[in-house]
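Step one of this worksheet: look at the structure below.
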Amino acid sequence: MKLPFPDIKTERLWLRQFTLDDLDHVFEGLSHPDVIKYYGVSYTTREATKAQLQWFADLESQGTGLWWAISSLDGRLFYGGGGLNDLNRDHRKAEIGFWLLPAYWGQGIMKEAMPLIVNYAFEHLNLHRIEGFVESNNENCKRALAKVNFTYEGTMRDCEIKDNRFVSLDIYARLDEKRPT
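If you use our numbering, the sequence shown corresponds to residues 9 to 189, in order.
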């Protein structure tokens, strides 16, 4: 039996399942030059962006992750997305990812949303490790991870090609120190 998608709410945020109604917002974010500068996915049309919504749904149905749409508590404002992918239950770990529409940068939204995702992973998915892979030049993302207690573990130099050039990735991680293995 499939469980309902886990909604998470705070006094100002609602983390909920992505729907087709989010298509324009996802396109706005994943086609915006400031968002996709360091993000691994981008789209040039709304039609192509449907692939991202399908990816969110596939993660859940395949048990390889969960991604939440991040909105205002009343659902009127869409801020961005965040979640877990590459979930590995054998090794009790996953990779965290997130993006935010630029109009909402600097408002503490990710600082509030990311711990909700991490806590969900530790408490409900029984994960022990959450990893974040960040392009070395992405100072905003590295600061965001540090604010929510992720630890820098090292750099994988020239490990990926983006825009016909090698990029390095910094590795950050947070462990669930409360549970034994």
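Glycine included, each C-beta is placed from N, C-alpha and C at the ideal position.
message = Spatial neighbours of Ser39 within its chain, please: C-beta separation below 7 Å, excluding the five flanking residues on both sides.
response = Against the sequence shown, residue 39 aligns to sequence position 31. Excluding positions up to five away in sequence, the list reads Ser50, Tyr51 and Thr52.
key: 6 Å Cβ shell around Val43 - same chain, five flanking residues per side excluded   = As a first step, residue 43 is located in the sequence shown; it is residue number 35 there, counting from the start. Within the same chain, Val43 has close Cβ partners Gly37 and Trp107.
request  = Could you tell me the boundaries of the alpha helix (DSSP H) in which Phe3 lies?
outcome  = No statement about residue 3 is possible, as the shown extent of the chain runs from 9 to 189 and does not include it.
task = Assign Phe64 to one of three DSSP states: helix, strand, or coil.
result = As a first step, residue 64 must be located in the sequence shown, where it is residue number 56. Here Phe64 sits in helix by DSSP.
inquiry  = Which complete alpha helix (DSSP H) runs does the region 107-174 hold, if anything under 4 residues is left out?
reply    = If we require 4 residues or more, the alpha helix (DSSP H) runs fully inside the region 107-174 come out as 117-132 and 147-155.
task = Kindly indicate which residue of Asp30, Tyr160, Leu92 and Glu103 has the alpha-carbon position closest to the one of Glu55.
result = As a working note, residue 55 is residue 47 in the sequence shown. The shortest C-alpha separation from Glu55 is found at Asp30.
request  = Find the nearest neighbour of Phe13 within the set Thr57, Leu21 and Phe26, judged by alpha-carbon distance.
outcome  = The sequence position of residue 13 within the sequence shown is 5, counting from 1. Comparing Cα-Cα distances from Phe13 to each of Thr57, Leu21 and Phe26, the minimum goes to Phe26.
message = I'd like to confirm the pairing. Which residues does DSSP put opposite Tyr180 in its beta bridges?
response = On the sequence shown, position 172 is the one that residue 180 refers to. Among the bridge pairs identified by DSSP, Tyr180 is matched with Gly140 and Tyr160.
message = Just verifying my parser: in three-state terms, what is the DSSP assignment at Ser80?
response = What you label residue 80 is simply residue 72 of the sequence shown in a count that begins at 1. In the structure shown, Ser80 sits in a strand (DSSP, three-state: E or B).
request  = For the alpha helix (DSSP H) containing Leu38, list its first residue and its last residue.
outcome  = Residue numbering aside, residue 38 sits at position 30 when the sequence shown is read from its first letter. Leu38 -> alpha helix (DSSP H) spans Leu31 to Leu38.
request  = Decide if Arg151 is buried, meaning its Cβ has at least 16 other Cβ atoms within 10 Å, or exposed.
outcome  = Taking the first residue of the sequence shown as position 1, residue 151 is located at position 143. Exposed, by the Cβ-count rule.
query = What is the DSSP secondary structure of Leu28, counted as helix, strand or coil?
reply = Here residue 28 refers to the residue found at position 20 of the sequence shown. Three-state result, Leu28: helix.
key: Proximity of Pro123 and Val156 at Cβ, strictly below 7 Å   = Here residue 123 corresponds to residue number 115 of the sequence shown, with the count starting at 1. Here residue 156 corresponds to residue number 148 of the sequence shown, with the count starting at 1. Result yes, Cβ atoms of Pro123 and Val156 sit closer than 7 Å.
task = Return yes when the Cβ of Asp94 is within less than 7 Å of the Cβ of Phe130, no when it is not.
result = Translated into the one-based positions of the sequence shown, residue 130 becomes position 122. Translated into the one-based positions of the sequence shown, residue 94 becomes position 86. Taking 7 Å as the Cβ cut-off, Phe130 and Asp94 do not qualify as a contacting pair.
message = I'd like the list of long-range same chain contacts for Asn96, defined as Cβ closer than 8 Å, with 5 residues on each side in sequence excluded.
response = Residue 96 sits at position 88 when you count from the first residue of the sequence shown. Correct list, in chain order: Ala102.
ask   = Using a Cβ-Cβ cut-off of 6 Å (strictly less than) and excluding sequence neighbours within five positions of Asn127, which residues of its own chain qualify?
value = The residue given as residue 127 occupies position 119 in the sequence shown. None.
ask   = Whose C-alpha, out of Gly105, Pro110, Lys17 and Cys167, is nearest the C-alpha of Pro41?
value = Here the question's residue 41 lines up with position 33 in the sequence shown. For Pro41, the nearest C-alpha among the options comes from Pro110.
request  = Check Asp98 in the structure and name its three-state DSSP category.
outcome  = If you number the sequence shown from 1, residue 98 lands on position 90. Coil at Asp98, not helix or strand.
message = Taking only three categories from DSSP, how would you classify Lys58?
response = Residue numbering aside, residue 58 sits at position 50 when the sequence shown is read from its first letter. Residue state, collapsed to three classes: helix.
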